[in-house]
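Colleague: Please see the structure below; I have some questions.
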Amino acid sequence: MVEVIDTLVVTDDERPPSSGPWAAYGASAAQWDDWKWQLRNRIRDLAGLERVFTLTDAEREVVARIGGRLPVGITPYYASLIDPTDPDDPIRKTVIPLASELLVGPGEYVDPLGEDHDSAVPGLVHRYPDRVLFLVTNFCAVYCRYCTRARLVGHTGEFHFSLTQHKAAIDYIAAHPEIRDVLISGGDPLTMADDKLDQLLGALRAIPHVEFVRVGSKVPAVMPQRVTTELVRVLRKHRAWLSLHAMHPRELTPEFRAMADRVADGGVPMGSQTVLLEGVNDELPVMKSLMQGLLTCRIRPYYIYQCDPIHGSAHLRTTVSKGLEIISGLRGHTTGYAVPAYVVDAPGGGGKIQLLPDAIIGRDGDDILLRNFEGGTYRYHDPESTVGMTL
């Protein structure tokens, strides 16, 4: 007997045990560990959501109304991290849309960072003097509801950009010797095949003035099966860094930790970035657990981002004061390696601006007054002028 389940054919002798998360999808453990199976079997529509989650009426209605907006896309692995019956589950809030997403609030934009304005050629954003953002695909394994590129990804059809577009961007980089740093993003570049990434990274590394290449990806958290030994070899071959996107300590599963070991043991440096979101990671214990957990995986926390003001994101954005409160609660209360920079990517193309809790209280004569992590006041001798001083 053969039973067809979605795009898969499962025979009786391949039927999985009922204890694993793969059982809900009629898959085997081997299929569950196959990243291409994960991509093929993403939850993409209302019927798929209802097979896995108990939806609220509001969730059901907005999925039906979403139209040409950012689509739903959740890998089975990532769905397995979500409580299927809890509408307040923090990870659920990042991937299942709510009606608030259909509302446009004050200060929200389709392209909040002004990337289109700074696109030198299609798919290449040149904003900072020595670095560029290279958008190589519009395809994502999971569509995050706070995505700053919701205008570009998924809803126009899922595809990797053409070799012609890649060539135009690479030619531009080669013609601008001031560019030393390239961030490859999208969409998600780790949805591309190894050989395509190998070609792309090789083309960039062949440019003498390109010193630093990063691959930005959410895939390690939502589909760690993708980060194979073969992929790690490609990244190491081209001395690329992996800049991964982590949102909640629940993502630090055994599969994620095994993935991180493969990458670190393979000689590929890793950093992380996290978007601060209401009801997801905006409590100090949650953020501290995430940052410290990433360090145990040999991943250096790099950025906490204030949520970009895309259309329909008001229900996910915290206040800036909440972000400063979290940074204050991290500094001095955990190792400095676990304290990332808290930044606002300024709307309109202003770039990243780091926000810090006030540490300098003021000045008293030749001393500046400093506030430490416990709120104590300390003096540091710092004369405004050293002219005429006797040593």
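In the working numbering, the protein residues as written are 3 to 393.
Quick reminder that beta carbons are idealized off the backbone N, C-alpha and C, glycines included.
#1: Three-state secondary structure (DSSP) at Tyr382?
#2: What is the DSSP secondary structure of Ser82, counted as helix, strand or coil?
#3: Can you tell me which of the three DSSP states Val229 falls into?
#4: Is the CB-CB distance between Pro222 and Met261 below 8 Å?
#5: Please state the DSSP three-state secondary structure of Lys354.
#6: Evaluate Val4 with the Cβ neighbour count: other Cβ atoms within 10 Å of its Cβ, from every protein chain shown; 16 or more gives buried, anything less gives exposed.
#7: Going by the CB atoms, is the gap between Glu285 and Thr320 shorter than 8 Å?
#8: Grouping DSSP H, G and I as helix and E and B as strand, with all else coil, what is His94?
#9: Taking the alpha-carbon positions, what's the Gly350 to Thr337 distance?
#10: What residue from Phe136, Leu254, Glu253 and Arg252 has the CA that sits closest to Leu203's CA?
#11: For Met272, does the three-state DSSP call read helix, strand or coil?
#12: If you reduce the DSSP assignment to three classes, tell me which class Pro342 lands in.
#13: Figure out for me which residue from Met194, Arg207 and Ser102 has the closest Cα to the Cα of Gly218.
#14: When we look at the beta-carbon of Asp360 and count the other beta-carbons within 10 Å, is it buried (16 or more) or exposed?
#15: Whose CA, out of Val282, Trp24 and Gly50, lies closest to the CA of Trp39?
#16: How far does the beta strand (DSSP E) with Gly218 in it extend, from its first residue to its last?
#17: Check whether the region 228-246 and the region 261-274 are in contact - that is, three or more C-beta pairs closer than 8 Å.
#18: Could you tell me which of Pro342, Thr139 and Thr58 sits nearest to Tyr307, measuring between CA atoms?
#19: Throw me the rounded Cβ distance for the Phe141 and Gly189 pair, which I believe falls under 8 Å.
#20: Look up His247 in the DSSP assignment and give the residues it is bridged to.
#21: Thr298: which of Leu254, Val64, Gly364 and Gly314 sits nearest, CA to CA?
#22: Have a look at His128 and Asp196 and give me their C-alpha separation to the nearest angstrom.
#23: Please classify Gln356 as buried or exposed, where buried requires at least 16 other C-beta atoms within 10 Å of its C-beta.
#24: Taking contact to mean 3 or more Cβ pairs, one atom from each stretch, closer than 8 Å, check whether the region 309-318 and the region 95-112 are in contact.
#25: My output table needs one value for Asp173: the three-state DSSP class, helix, strand or coil.
#26: Taking only the alpha-carbon atoms, compute the straight-line gap between Thr231 and Val322 and give it to the nearest angstrom.
#27: Can you tell me whether Val54 is helix, strand or coil according to DSSP?
Modeller: This is what the structure holds:
#1: Position 380 of the sequence shown, counting from 1, holds the residue named residue 382. Of the three classes helix, strand and coil, the one that applies to Tyr382 here is strand, per DSSP.
#2: For this step, residue 82 is matched to residue 80 along the sequence shown. Correct three-state label for Ser82: coil.
#3: By one-based count along the sequence shown, residue 229 stands at place 227. Val229: coil per DSSP, three-state reduction.
#4: Locating residue 222 in the sequence shown gives position 220, where the first residue counts as 1. Locating residue 261 in the sequence shown gives position 259, where the first residue counts as 1. The beta carbons of Pro222 and Met261 sit closer together than 8 Å.
#5: On the sequence shown, residue 354 is found 352 positions in, with the first residue counted as 1. Strand, per DSSP.
#6: Your numbering for residue 4 matches position 2 in the sequence shown. Because the pLDDT of Val4 is 28, which lies under 50, any placement of that residue in the model is unreliable, and the question is left without a value.
#7: Residue 320 sits at position 318 when you count from the first residue of the sequence shown. Residue 285 sits at position 283 when you count from the first residue of the sequence shown. The answer is no: Cβ separation not under 8 Å.
#8: Position 92 of the sequence shown, counting from 1, holds the residue named residue 94. For the record, residue 94 in the displayed sequence is Arg; it is not His. Helix.
#9: Mapped onto the sequence shown, residue 350 falls at position 348. Mapped onto the sequence shown, residue 337 falls at position 335. Computed Cα separation, rounded: 34 Å.
#10: By 1-based counting over the sequence shown, the position of residue 203 is 201. With distances taken between Cα atoms, Leu203 lies closest to Phe136.
#11: Mapped onto the sequence shown, residue 272 falls at position 270. The answer is strand: DSSP assigns Met272 an E or B state.
#12: Counting from one through the sequence shown, the residue named residue 342 turns up at place 340. Three-state DSSP puts Pro342 in coil, outside helix and strand.
#13: For the purposes of this step, residue 218 is identified with residue 216 of the sequence shown, where counting begins at 1. It is Met194.
#14: Residue 360 sits at position 358 when you count from the first residue of the sequence shown. The residue in question, Asp360, is exposed, as its Cβ has fewer than 16 Cβ neighbours within 10 Å.
#15: Taking the first residue of the sequence shown as 1, we reach residue 39 at position 37. Checked all of Val282, Trp24 and Gly50; the closest Cα to Trp39 is Trp24.
#16: Numbered from its first residue, the sequence shown carries residue 218 at position 216. Bounds of the beta strand (DSSP E) holding Gly218 are Phe214 to Ser219.
#17: Contact annotation: the region 228-246 touches the region 261-274, with at least three C-beta pairs closer than 8 Å.
#18: Reading the sequence shown from its first residue, position 305 is the one you call residue 307. Looking at the Cα atoms, Pro342 is the closest of the given residues.
#19: Walking along the sequence shown from the start, residue 141 turns up at place 139. Walking along the sequence shown from the start, residue 189 turns up at place 187. With 8 Å as the limit, Phe141 and Gly189 qualify as a contact, their Cβ atoms being about 5 Å apart.
#20: Numbered from its first residue, the sequence shown carries residue 247 at position 245. In the DSSP assignment, His247 is bridged to Gln275.
#21: The residue you call residue 298 lines up with position 296 of the sequence shown. Nearest C-alpha to Thr298: Leu254.
#22: In the sequence shown, counting from the first residue as 1, residue 128 sits at position 126. In the sequence shown, counting from the first residue as 1, residue 196 sits at position 194. One C-alpha to the other measures close to 26 Å.
#23: On the sequence shown, position 354 is the one that residue 356 refers to. By the neighbour-count rule (16 or more Cβ atoms within 10 Å), Gln356 is not buried but exposed.
#24: Because the criterion of three Cβ pairs below 8 Å is met, the region 309-318 and the region 95-112 touch.
#25: Taking the sequence shown and counting its residues from 1, the one referred to as residue 173 is at position 171. Residue state, collapsed to three classes: helix.
#26: For the purposes of this step, residue 231 is identified with residue 229 of the sequence shown, where counting begins at 1. For the purposes of this step, residue 322 is identified with residue 320 of the sequence shown, where counting begins at 1. About 40 Å.
#27: Stepping through the sequence shown from its first residue, residue 54 is reached at position 52. In this structure, Val54 counts as helix in the three-state DSSP scheme.
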